[in-house]
Amino acid sequence: MPKKKTGQRKKAEKQRELQKKIRSGERSLAEHPCNGQMECDQCLRDQRSRAFCYFCSAISKLPVCAQCGKQKCMSKTGDCVVKHVGKFTTGLGMVGAICDFCEAFVCHARKCLTTHACSCPLRNAECIECKRGVWDHGMSCNRLGTYTCMRCKICFCEEHVRRKGVAVTSKAKELPCPKCNYPTKETKDYTRRHEYGRQHRPDYEEDEDDSYSGGRQMWSYGRSFADMPS
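Rendered as structure tokens:
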């Protein structure tokens with residue numbers, strides 16, 4: 011029978027495998043802090059670590075840094091961009107940015123802010139549905155996108171839309187796009203309207219006798235049953 015491994019031998023083999031992975035530079039995607047497990051505080055659903063919940067869009071009360079994986083900043087005199095002398099910070103007080111690739115929070119440490127974007131493992135990721143990456147969707151303003159151009163598929167803030175050289179009167183309903191001068195609309199309006207779907211027929215008048223199953227008028231792709239040959 012083979013000899014039973016001692017605790018010291020198990021530790022040595024584990025350390026040897028770890029050093030081999032470090033030398034090869036390969037690291038599992040699940041081991042990165044930006045792709046770790048997260049449970050939403052509101053809907054209690056398990057998902058990947060993101061700035062906002064996929065299902066209810068709630069913000070996590072204790073976000074995890076996508077680079078160093080910490081939830082609490084305890085460096086009182088470290089390289090923090092936002093200084094917090096004499097106290098520890100948690101929650102949104104620890105957040106410094108949101109990564110464009112993994113959509114996870116990055117803490118306000120200078121090292122994490124300057125190194126995470128270049129080393130993010132999801133920078134080459136593609137959407138499963140549309141097969142597009144982050145940069146294929148088009149560059150947007152890094153501020154809150156209040157106005158949207160449907161031709162360029164880009165969102166702009168109010169400061170960039172009301173830019174210099176464009177005369178905007180108080181009576182103007184639609185502001186021009188800074189890129190193609192196409193009329194922009196407020197982003198919130200697209201969630202309240204249904205302009206590109208099937209429209210209600212203007213010549214169709216509701217009647218008590220009309221229904222989906224029977225009645226005097228039944229529409230089928232622009233023709234009524236009365237127009238069809240017998």
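Going letter by letter, the sequence shown gives residues 11 to 240 in this note's numbering. C-beta atoms are modelled at their ideal positions from N, C-alpha and C, and glycine is treated no differently. Every value quoted in this text rests on a predicted model; they were computed, and no experiment measured them.
Coarse secondary structure for residue i, derived from DSSP in three states
i           : result
residue 117 : strand
residue 43  : helix
residue 124 : helix
residue 184 : coil
residue 106 : strand
residue 49  : strand
residue 195 : strand
residue 77  : coil
residue 141 : coil
residue 13  : coil
residue 189 : coil
residue 93  : coil
residue 132 : coil
residue 26  : helix
residue 38  : coil
residue 33  : helix
Candidates the options: closest to residue i by CA position
i           : options               : result
residue 95  : 84, 18 and 14         : 84
residue 136 : 110, 120 and 126      : 110
residue 79  : 59, 23 and 37         : 59
residue 72  : 114, 157 and 141      : 114
residue 160 : 126, 196, 173 and 170 : 196
residue 66  : 134, 55, 170 and 74   : 55
residue 165 : 134, 156 and 172      : 156
residue 88  : 33, 112, 167 and 120  : 120
residue 133 : 141, 70 and 112       : 112
Close Cβ partners of residue i (< 7 angstroms) along its chain, the five nearest in sequence each way excluded
i           : result
residue 107 : 116 and 123
residue 21  : none
Identity of the residues DSSP links to residue i by a beta bridge
i           : result
residue 166 : 157
residue 62  : 69
residue 18  : None, per the DSSP bridge assignment.
residue 82  : 100
residue 57  : 48
Sequence-distant residues of the same chain with beta carbon closer than 6 angstroms to residue i, five excluded per side
i           : result
residue 118 : 90, 91, 92 and 106
residue 45  : 39 and 58
Cutoff 8 angstroms; reference residue i; Cβ partners in own chain excluding five residues on either side
i          : result
residue 31 : 37
Cβ of residue i within 7 angstroms of any chain B Cβ
i          : result
residue 95 : No chain B is part of this structure, which consists of one protein chain only.
Subject >> Cβ contact (3+ pairs, closer than 8 angstroms) linking the stretch 90-107 and the stretch 44-54 >> reply: Under the Cβ criterion (8 angstroms, minimum of three pairs), the stretch 90-107 does not count as touching the stretch 44-54.
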